[in-house]
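Peer 1:
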Ligand code: GLC
């Protein structure tokens, strides 16, 4: 490794279980009245973020990026060292850092590792074969198919179509795993690794506390450009979509583990502990089953602190007890030292409220949502909470809430409106009844605020002790006070459906977490699934039956239980004995 980073003198504290609040800057808070969220808007809301009892803030990209769909919501970066004027200036960002640090919050910026925007200086020079940029991207002459010029192989783009586009300037194909405007960097090339490490240093030297690293499985590719095997049939007979391939060669390559180790070494060169949160939501099987891939990136000494995979998005109320039991065991097996990140929503997926409870009768949704939130809080690993999930916002509907001509996400055009991510990216509702629910003083916000969100605005929820916001705030404080939830191992209990129960266990504490996955009240006798020692350690007695309300959650063995803001579900306090 040739980077000039000081070798780490001491292994820094590993952070496998922190709570990270994700801000999507365009829709968080607008300070200057142009209808678009900005960095100063985030700074103005730091007290609110701090009050949620989170440890850190992940800020989605605010770098210079092409306007419109080509910019992919900031994930096509034109200059990784410059701030897009729509979001503010470098001074605004330095102020955000200072104010966040003053409140004990860490700031993680989003680092878009595997690609740049097509109008990036490196790409402009690479397509003109200028050194040293000539091999900064993945170029190929292509192949001949049926007598015609064709892409080099069968690799597909996540956003639809081929992963290759012919560039008329260089007269070669370039690789892009997402949009055509997002050419893939050639991270197999040592010089490119050095260049991205240098960009990371720019932010770290400024005082940024770490990164959320975008699309990690896409960082490296097979240098021999072999075809991916199709799940069904043979290429070229089948010309199917992205998710019909085994990603043997296009992504999920073992070199990325070494790249991650290099990034970790860079981080460990700093005195102030830096944190890394990876995104690995694509596995080898048509993008599914990313958990094993994500686990290869996390390592106590040589890898990331934490990484999220696709599994959190698979969790729904209808997942069923068997699915969840198996999932928890898989997380524990793949991440024996912790570090799996559980995501309570993000900017790429439908809002959790709609995903887990949208199909339920209205009067059951809140309890079901809170239960899933509690499950995420109790699972081993770290936790990302996406802006608005603390309010229980439902997914904005297209076209009822967002008319078609207001859509921003390129995916609406490339793979279709039903995959459009704007429904999870509408502005934060701060003040009920105010213009644009207090997000902006402009007449028109970046995306419309759904009418239904206004009733769930922050100010309204602050004044209601039974609100989702008050519940989430207390739940996060409760989690922070349970060492077993932060660093314990997990033992899934052999309970009968619809009860899901597991222990989180560390030296000095055993916490029992039990969930009733049905809408009807049930009783549950932990001693039927626990030996006497563990039962006692969890503060329970033999034969003691616990009552769980419909979609209820119950815990025992907690330290410093917090009083519950809302009576549903039973959080933290002493377990409710079963009647009779
Ligand atoms: C990541 C981002 C997503 C973006 C994609 C391509 O998955 O979370 O928003 O579209 O990378 O950069």
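In my numbering, the protein residues as written are 656 to 1235.
Beta carbons are placed, not taken as given, at the ideal position from N, Cα and C, and that holds for glycine.
Every value quoted in this text rests on a predicted model; they were computed, and no experiment measured them.
Within its chain, find whatever has a CB closer than 8 Å to the CB of residue 1114; leave out the 5 residues flanking it on each side and keep chain order.
Peer 2: In the chain shown, the residue the question calls residue 1114 occupies position 459. 1085, 1086, 1087, 1093.
Peer 1: Grab me the residues of residue 874's own chain with a C-beta within less than 7 Å of its C-beta, minus the 5 sequence neighbours each way, in chain order.
Peer 2: Residue 874 sits at position 219 when you count from the first residue of the chain shown. Answer for residue 874: 768, 769, 842, 911, 914, listed in chain order.
Peer 1: Just checking residue 851 against the ligand GLC - is the residue's beta carbon closer than 7 Å to any of the ligand's heavy atoms?
Peer 2: Along the chain shown, one-based indexing puts residue 851 at 196. No, the beta carbon of residue 851 sits no closer than 7 Å to any heavy atom of the ligand GLC.
Peer 1: Which value, in whole angstroms, describes the spacing of the CA atoms of residue 1125 and residue 708?
Peer 2: Your numbering for residue 1125 matches position 470 in the chain shown. Your numbering for residue 708 matches position 53 in the chain shown. Going by the C-alpha atoms only, they are around 11 Å apart.
Peer 1: Apply the 10 Å Cβ neighbour rule to residue 922 and answer buried if 16 or more other Cβ atoms are within range, or exposed otherwise.
Peer 2: In the chain shown, residue 922 corresponds to position 267, counting from 1. By the 10 Å Cβ count, residue 922 comes out buried.
Peer 1: Could you give the C-beta distance for residue 827 and residue 794, rounded to a whole number, given that I count them as a contact under 8 Å?
Peer 2: Position 172 of the chain shown, counted from the first residue, corresponds to residue 827. Position 139 of the chain shown, counted from the first residue, corresponds to residue 794. Indeed they touch by this definition, with Cβ atoms about 5 Å apart.
Peer 1: Between which two residues does the beta strand (DSSP E) carrying residue 763 extend?
Peer 2: Your numbering for residue 763 matches position 108 in the chain shown. Residue 763 -> beta strand (DSSP E) spans 761–766.
Peer 1: With respect to 7 Å, is the separation between the Cβ of residue 854 and the closest non-hydrogen atom of the ligand GLC below this value?
Peer 2: In the chain shown, counting from the first residue as 1, residue 854 sits at position 199. Checking every heavy atom of the ligand GLC against the Cβ of residue 854, none is found closer than 7 Å.
Peer 1: For residue 1108, which of helix, strand or coil comes out of DSSP?
Peer 2: Residue 1108 sits at position 453 when you count from the first residue of the chain shown. Helix.
Peer 1: Quickly, what does DSSP pair residue 827 with across the bridge? List them, please.
Peer 2: As a working note, residue 827 is residue 172 in the chain shown. In the DSSP output, where bridge partners are listed per residue, residue 827 has 822.
Peer 1: Looking at C-beta atoms only, is the number of pairs between the segment 805–812 and the segment 861–871 that lie closer than 8 Å three or more?
Peer 2: Because the criterion of three Cβ pairs below 8 Å is not met, the segment 805–812 and the segment 861–871 do not touch.
Peer 1: Should residue 671 be labelled buried (16 or more other beta-carbon atoms within 10 Å of its own) or exposed?
Peer 2: Position 16 of the chain shown holds residue 671. By the neighbour-count rule (16 or more Cβ atoms within 10 Å), residue 671 is buried.
Peer 1: Using CA coordinates, which residue listed in 963, 1011, 1073 is at the minimum distance from residue 1035?
Peer 2: Translated into the one-based positions of the chain shown, residue 1035 becomes position 380. Comparing Cα-Cα distances from residue 1035 to each of 963, 1011, 1073, the minimum goes to 963.
Peer 1: Where does the unbroken beta strand (DSSP E) through residue 1208 begin, and where does it stop?
Peer 2: On the chain shown, position 553 is the one that residue 1208 refers to. It spans 1208–1211 - the beta strand (DSSP E) in which residue 1208 sits, taken as one unbroken run.
Peer 1: For residue 903, does the three-state DSSP call read helix, strand or coil?
Peer 2: Residue numbering aside, residue 903 sits at position 248 when the chain shown is read from its first letter. Coil, per DSSP.
Peer 1: Using CA atoms only, rank isn't needed, just tell me which of 803, 785, 732 is closest to residue 835.
Peer 2: The sequence position of residue 835 within the chain shown is 180, counting from 1. Out of 803, 785, 732, 732 has the C-alpha closest to the C-alpha of residue 835.
Peer 1: Rounding to the nearest angstrom, what Cα-Cα distance links residue 1090 and residue 1065 in this structure?
Peer 2: The sequence position of residue 1090 within the chain shown is 435, counting from 1. The sequence position of residue 1065 within the chain shown is 410, counting from 1. If you take the alpha carbons of residue 1090 and residue 1065, they lie about 27 Å apart.
Peer 1: With distance defined between alpha-carbon atoms, name the residue in 1140, 901, 718 nearest to residue 854.
Peer 2: For the purposes of this step, residue 854 is identified with residue 199 of the chain shown, where counting begins at 1. Of the candidates 1140, 901, 718, the one whose C-alpha sits nearest the C-alpha of residue 854 is 718.
Peer 1: Using only CA atoms, which one of 882, 686, 1199 lies nearest to residue 1187?
Peer 2: On the chain shown, residue 1187 is found 532 positions in, with the first residue counted as 1. Considering only alpha carbons, the answer is 1199.
Peer 1: Could you pull the start and end residues of the beta strand (DSSP E) that residue 1155 belongs to?
Peer 2: Indexing the chain shown from 1 puts residue 1155 at position 500. Here the beta strand (DSSP E) through residue 1155 covers 1154–1161.
Peer 1: Output the distance between the C-alpha atoms of residue 674 and residue 781, rounded to the nearest integer angstrom.
Peer 2: The sequence position of residue 674 within the chain shown is 19, counting from 1. The sequence position of residue 781 within the chain shown is 126, counting from 1. Looking at the two C-alpha atoms, the distance is approximately 40 Å.
Peer 1: Is residue 679 near the ligand GLC, in the sense that its beta carbon is under 7 Å from a heavy atom of that ligand?
Peer 2: For the purposes of this step, residue 679 is identified with residue 24 of the chain shown, where counting begins at 1. Not under cutoff, so the answer is no.
Peer 1: Within the segment 1045–1120, note down every full alpha helix (DSSP H) run reaching 4 residues or more, in order along the chain.
Peer 2: Within the segment 1045–1120, the complete alpha helix (DSSP H) runs of at least 4 residues are 1066–1069, 1106–1109, 1113–1117.
Peer 1: Counting C-beta neighbours from all protein chains within 10 Å, is the total for residue 801 16 or more, i.e. buried, or is it exposed?
Peer 2: As a working mapping, residue 801 is identified with position 146 in the chain shown. The residue in question, residue 801, is exposed, as its Cβ has fewer than 16 Cβ neighbours within 10 Å.
Peer 1: Could you work out which residue in 881, 1207, 1120, 869 is closest to residue 806 when comparing CA atoms only?
Peer 2: By 1-based counting over the chain shown, the position of residue 806 is 151. Looking at the Cα atoms, 881 is the closest of the given residues.
Peer 1: By Cβ distance, which residues of its chain are closer than 6 Å to residue 710, with the 5 residues on each side in sequence left out?
Peer 2: By one-based count along the chain shown, residue 710 stands at place 55. Contacts found: 673, 674.
Peer 1: Which whole-angstrom value describes the C-beta separation of residue 600 and residue 1081, a residue pair presumed to lie in contact below a C-beta threshold of 8 Å?
Peer 2: A query on residue 600 cannot be resolved here, the shown segment of the chain reaching from 656 to 1235 and no further.
Peer 1: For the beta strand (DSSP E) that residue 866 lies in, which residues bound it at each end?
Peer 2: For the purposes of this step, residue 866 is taken as residue 211 along the chain shown, with counting starting at 1. It spans 865–868 - the beta strand (DSSP E) in which residue 866 sits, taken as one unbroken run.
Peer 1: Bridge partners for residue 916 per DSSP, in chain order?
Peer 2: For the purposes of this step, residue 916 is identified with residue 261 of the chain shown, where counting begins at 1. Beta-bridge pairing links residue 916 to no other residue.
Peer 1: Can you tell which of 728, 736, 750 has the C-alpha that lies nearest to the C-alpha of residue 697?
Peer 2: Working through the chain shown from its first residue, we reach residue 697 at position 42. Among 728, 736, 750, the Cα nearest to that of residue 697 belongs to 750.
Peer 1: Under a Cβ-count criterion, where at least 16 other Cβ atoms within 10 Å of its own Cβ denotes burial, should residue 906 be classed as buried or exposed?
Peer 2: The count along the chain shown starts at 1 and reaches residue 906 at position 251. So residue 906 counts as buried.
Peer 1: In chain order, what residues of the same chain have a beta carbon less than 7 Å from the beta carbon of residue 886, not counting five sequence neighbours either side?
Peer 2: Against the chain shown, residue 886 aligns to sequence position 231. Correct list, in chain order: 899, 900, 901, 941.
Peer 1: Would you give the residue range spanned by the alpha helix (DSSP H) that residue 858 belongs to?
Peer 2: Locating residue 858 in the chain shown gives position 203, where the first residue counts as 1. Start and end: 845–861.
Peer 1: May I ask you to list the residues that DSSP assigns as paired with residue 1144?
Peer 2: Working through the chain shown from its first residue, we reach residue 1144 at position 489. Paired residue(s): 1160.
Peer 1: State the DSSP-derived secondary structure class of residue 1202, mapped to helix, strand or coil.
Peer 2: Against the chain shown, residue 1202 aligns to sequence position 547. Of the three classes helix, strand and coil, the one that applies to residue 1202 here is strand, per DSSP.
Peer 1: What is the residue span of the beta strand (DSSP E) that residue 734 lies within?
Peer 2: What you label residue 734 is simply residue 79 of the chain shown in a count that begins at 1. Element bounds for residue 734: 734–738.
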